[in-house]
Amino acid sequence: MNDLLDVTAQGALVRSRFTSVTKMDAPSKFFFSLEQKNGQKRFIHAVRTESGDLLSEPTEIHKQTVSFYSKLYSSERSGAQIVEESFLKDLPKLSEQVARELDRELTLAELHKALQGMENGRAPGIDGLPVEFYKAFWAVIGQDVLEVLNDSVNVGQLPLSCRRAVLTLLPKKGDLTHLKNWRPVSLLCTDLKLLSKALASRLTKVMEQITHQDQSYCVPDPGPARKPRWWTSSGTVYTGFHRAFSTCRRRKEGRGWSSYLAEPQPSDSSSSRDSSLDLET
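Letter by letter, the sequence shown follows residues 1 to 281 of the UniProt record's numbering.
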């Protein structure tokens, strides 16, 4: 009975957003009331359509929510080969030796190191398997996970669990009947996080070879040499580039670094949308 209470209390502890509990704390109604309170805050009682109509039926709320976030997560595409080539031609490139090192298959040691660096207590993805599960049973499942991920990279397609996310909505300020006032958070499966962290560790070793010396954002431990020199005239150039890049549409096609491209926004609204959002009930 005590073990059952401990498991139930740990679940309430996570959902009530507490990170630790002392020995004197019991699985009392305190944590369960916090869990219930947090759940009520995230419950959508009604939503408004674009025309201003208020929907309160659960089926209508669900339909409107799916429609809203399907549009939000849709990708816009247009073919502009000349823009792609001009954007890529002057970018720094890695040597063939370094590129081969990045493209080699993952190792069990890399995955285990990435797993040990992941935090506990995070919400799992669609498969329901948290980080703690992988850490507890890594000696049993580690080799299988490695083979699946390496095979997925070779084939060019990740498992279905890695290609789907559970969207949870967190309330922001303002009228919560407007879906724009709910912040979507994608809950990803642990195996995808594990793959991403292992590959990110590889990329960290070569980032200095392809990033500008003035770039400090997304560069681990940039140091004083990478502090942006805003007091020079180059600051105007970088600010102008930032504004220009903000008006571009980013898209991803194919594999590798060259798959991340930027295109200028078209002057009309005739661009097509390709919805890649898969929402499940």
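Ideal Cβ positions, reconstructed from N, Cα and C, are used throughout, including at glycine.
{"Asked": "Buried versus exposed, by CB contacts within 10 Å (16 or more), T190", "Found": "buried"}
{"Asked": "For S51, three-class secondary structure by DSSP", "Found": "coil"}
{"Asked": "Rounded C-alpha distance that separates N181 from R48", "Found": "11 Å"}
{"Asked": "Closest Cα partner of V145 within the set L176, V185, L194 and Q215", "Found": "L194"}
{"Asked": "Proximity winner among L115, E105, H112 and M118, relative to N150 (alpha-carbon distances)", "Found": "E105"}
{"Asked": "First and last residue of the uninterrupted alpha helix (DSSP H) at R100", "Found": "E96 to D103"}
{"Asked": "Validate contact between the region 88-95 and the region 118-129 using beta carbons, cut 8 Å, 3 pairs", "Found": "no"}
{"Asked": "Cutoff 7 Å; reference D127; Cβ partners in own chain excluding five residues on either side", "Found": "S161 and C189"}
{"Asked": "Distance, H178 Cα to E147 Cα", "Found": "45 Å"}
{"Asked": "Buried or exposed (CB count within 10 angstroms, at least 16 for buried), R183", "Found": "exposed"}
{"Asked": "Below-8 Å beta-carbon distance, G121 vs any chain D residue", "Found": "The displayed structure is made up of one protein chain only, and chain D is not part of it."}
{"Asked": "Residues that S186 bridges to, as DSSP identifies them", "Found": "L167"}
{"Asked": "Beta-carbon spacing of S186, L167 below 8 Å", "Found": "yes"}
{"Asked": "Straight-line Cα distance separating F43 from W138", "Found": "36 Å"}
{"Asked": "Presumed contact (8 Å Cβ cut-off) between L111 and G142, rounded CB distance", "Found": "7 Å"}
{"Asked": "Three-state class that DSSP yields for H178 in the structure shown", "Found": "coil"}
{"Asked": "Outcome for P92 when other beta-carbon atoms lying within 10 angstroms are tallied against a minimum of 16", "Found": "exposed"}
{"Asked": "Cβ-based neighbour list, P130, same chain, cut-off 7 Å, excluding 5 preceding and 5 following", "Found": "R122, P124 and T190"}
{"Asked": "Beta-carbon proximity check, I61 vs L55, cutoff 8 Å", "Found": "yes"}
{"Asked": "Through-space distance from P58 to W257, alpha-carbon basis", "Found": "For W257, the pLDDT reaches just 35, beneath the cut-off of 50, and the residue's location in the model is therefore unreliable, leaving the point undetermined."}
{"Asked": "Between the CA atoms of T211 and F241 - distance to the nearest angstrom", "Found": "Caution applies to F241, whose pLDDT of 46 falls short of 50 and renders its modelled position unreliable; the model cannot decide the point."}
{"Asked": "Boundaries of the alpha helix (DSSP H) in which D151 is found, first to last residue", "Found": "W138 to V155"}
{"Asked": "Assigned secondary structure, A57 (DSSP; H/G/I helix, E/B strand, else coil)", "Found": "Rather than Ala, the amino acid found at residue 57 in this sequence is Glu. Reduced to three states, the DSSP call for E57 is coil."}
{"Asked": "Residues near A198 by beta carbon distance below 7 Å, same chain, minus five either side", "Found": "L106, E110, L111 and A114"}
{"Asked": "Local Cβ density within 10 Å of A165, reported as buried at 16 or more and exposed below that", "Found": "buried"}
{"Asked": "Exposure label - L176; buried when at least 16 CB within 10 Å", "Found": "buried"}
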